[in-house]
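What follows is a short report on a single structure.
2 protein chains.
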Amino acid sequence: MDIRSILLGFLMHDSMTGYDLKKAFSISFSFFSGLSYGSIYPALRKMEKQGLISKRLEIRSDGPNRKIYTITDAGKAAFLDALRVPLPRDQPKSPFLMRLFFFTHLSPEERQAIVVNYLSFVEETRRQMEIARPEIEARADRFQFLCYEFGLRFFSDLTRNLAQVVDSLDEEEKEERK
Amino acid sequence: MDIRSILLGFLMHDSMTGYDLKKAFSISFSFFSGLSYGSIYPALRKMEKQGLISKRLEIRSDGPNRKIYTITDAGKAAFLDALRVPLPRDQPKSPFLMRLFFFTHLSPEERQAIVVNYLSFVEETRRQMEIARPEIEARADRFQFLCYEFGLRFFSDLTRNLAQVVDSLDEEEKEERK
DNA sequence: AGGAGCATGTAAGCGGTTACATGATTTA
DNA sequence: TAAATCATGTAACCGCTTACATGCTCCT
């Protein structure tokens, strides 16, 4: 699922500007992924050329002009097609796993520091997700909420697994010192 | 951690050709990530220019000639630096989550099919990891094995969470039919 | 007067994939 | 003799980020 399908997905719900799309995405998905203007605006132009969305220029006196994009029937069809494309296998290309893989080249102290630091990072993300819960409960549909809960569990599991790694490192260090 | 650091990491252990590097990576990391020749060979040339690795041409009669790369002292230093760079926050950019987020646009049958299909995919990956266990136990160091176990737990957790999503979908469908 | 927020965009570059191209040797 | 494995590489392209550039309005 590329960026274009995601933009179409949001436009299924409502017509918006590129700016709005970025906001909508950030609110719903800040914990999973980011989207920058540098990819949004070119994507919108391309999709307009392909007839997946249509543009309406709104001239305003109380602010900068806006380009409001609306999904077309062709766009809706393209979006549904994209939803139905078989999923690729998930590859958790985690930078952390890469580090762990080469831990033998670091000192015990450095290893500990990396894992503990990463762990606190993950826990912080999880806390932030919990803070955002009421807002998500308010605006998300049931599937989007399912998505949110899935994410929460993901980070909980990650926390638990990282704690286990910390334990393993502790034990090994003790044995080394014997 | 980019591709170059990973290649350096493998070269820390032993001198190898580009072909060998791809194999080494595939064996250790097939479940997490892939690496193609289209990125390996240019990366090796670049790193040679930068003095991070050195090349030795081996002319053979019993097969194609090989370019064997060896990490230099500068390369070792660069690798350790890369290991110590603070980790970015993990973003589980899962294509599955994106689908789930827009599930409202699909029929209950299609939703079920996607999740169940994905679930079987994940379970299959997990099975393959378990099959590979003896080989990994044989060749991996303790941190690499920690890595393997971490991955296993990741897929177990994913399986569990997906099963929960299936349950949620089932319940909602039942309620809808009332 | 200055900063935050609204709004749109471009250019350069990074990191990577896919498909293509070549050619040798070993195994079935 | 065909297929698999060994071995190296290029060209075109994709998707995305970062940094830059512009300019307006509202609030303090």
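From first to last, the protein sequence lines are chains R and P.
Add 6 to a position in the first sequence, counting from 1, and you land on the number used in the working numbering.
Add 6 to a position in the second sequence, counting from 1, and you land on the number used in the working numbering.
All C-beta atoms, glycine included, are put in the ideal place defined by N, C-alpha and C.
Contact check, residue i vs residue j, beta carbons under 8 Å
i	j	result
residue 89 of chain R	residue 107 of chain P	no
residue 134 of chain P	residue 175 of chain P	no
residue 27 of chain P	residue 105 of chain R	no
residue 98 of chain P	residue 160 of chain R	yes
residue 156 of chain R	residue 103 of chain P	yes
residue 158 of chain R	residue 132 of chain R	yes
residue 62 of chain P	residue 74 of chain P	yes
residue 142 of chain P	residue 154 of chain P	yes
CA nearest to the CA of residue i, picked from the options
i	options	result
residue 168 of chain P	R:54, R:96, R:46, R:35	R:96
residue 165 of chain R	R:121, R:64, R:36	R:121
residue 64 of chain R	R:53, R:76, R:12	R:76
residue 60 of chain P	P:129, P:51, P:140, P:91	P:51
residue 180 of chain R	R:48, R:115, R:83, R:54	R:115
residue 87 of chain R	R:10, R:177, R:170, R:172	R:10
residue 21 of chain R	R:35, R:58, R:48	R:58
residue 83 of chain P	R:84, R:111, R:68, R:33	R:111
residue 54 of chain R	R:66, R:24, R:71, R:69	R:24
residue 172 of chain R	P:152, P:170, P:177	P:152
residue 113 of chain R	P:149, P:49, P:48	P:149
residue 147 of chain R	R:16, R:128, R:8	R:16
residue 85 of chain P	P:129, P:141, P:14, P:162	P:14
residue 130 of chain R	R:162, R:145, R:170	R:162
residue 80 of chain R	R:69, R:56, R:39, R:139	R:56
residue 18 of chain R	R:177, R:8, R:78, R:128	R:78
residue 91 of chain P	P:177, P:7, P:178	P:7
residue 49 of chain P	P:38, P:140, P:12	P:12
residue 38 of chain P	P:178, P:128, P:68, P:71	P:128
residue 36 of chain P	P:139, P:72, P:70	P:139
C-beta neighbour in chain R for residue i, strict 8 Å
i	result
residue 165 of chain P	no
residue 95 of chain P	yes
residue 87 of chain P	no
residue 131 of chain P	yes
residue 46 of chain P	no
residue 114 of chain P	no
residue 124 of chain P	yes
residue 60 of chain P	no
residue 15 of chain P	yes
residue 39 of chain P	yes
residue 31 of chain P	no
residue 101 of chain P	yes
residue 90 of chain P	yes
residue 51 of chain P	no
Minimum Cβ-Cβ distance from residue i to chain P less than 8 Å
i	result
residue 75 of chain R	no
residue 178 of chain R	yes
residue 12 of chain R	yes
residue 7 of chain R	yes
residue 18 of chain R	yes
residue 147 of chain R	yes
residue 98 of chain R	yes
residue 104 of chain R	yes
residue 172 of chain R	no
residue 150 of chain R	yes
residue 70 of chain R	no
residue 247 of chain R	Missing from the structure shown is residue 247 of chain R; chain R here goes from 7 to 184 and no further.
residue 139 of chain R	no
residue 183 of chain R	no
residue 23 of chain R	no
residue 66 of chain R	no
According to DSSP, residues forming a beta bridge with residue i
i	result
residue 22 of chain R	R:75
residue 180 of chain R	None, per the DSSP bridge assignment.
residue 59 of chain R	R:77
residue 64 of chain R	R:72
Heavy atom of the ligand COA within 7 Å of residue i beta-carbon
i	result
residue 56 of chain R	Annotation note on the ligand COA: not contained in the displayed structure, which lists no ligands.
* Cβ contact (3+ pairs, closer than 8 Å) linking the stretch 43-50 of chain R and the stretch 121-130 of chain R -> Result no; under three Cβ-Cβ pairs closer than 8 Å.
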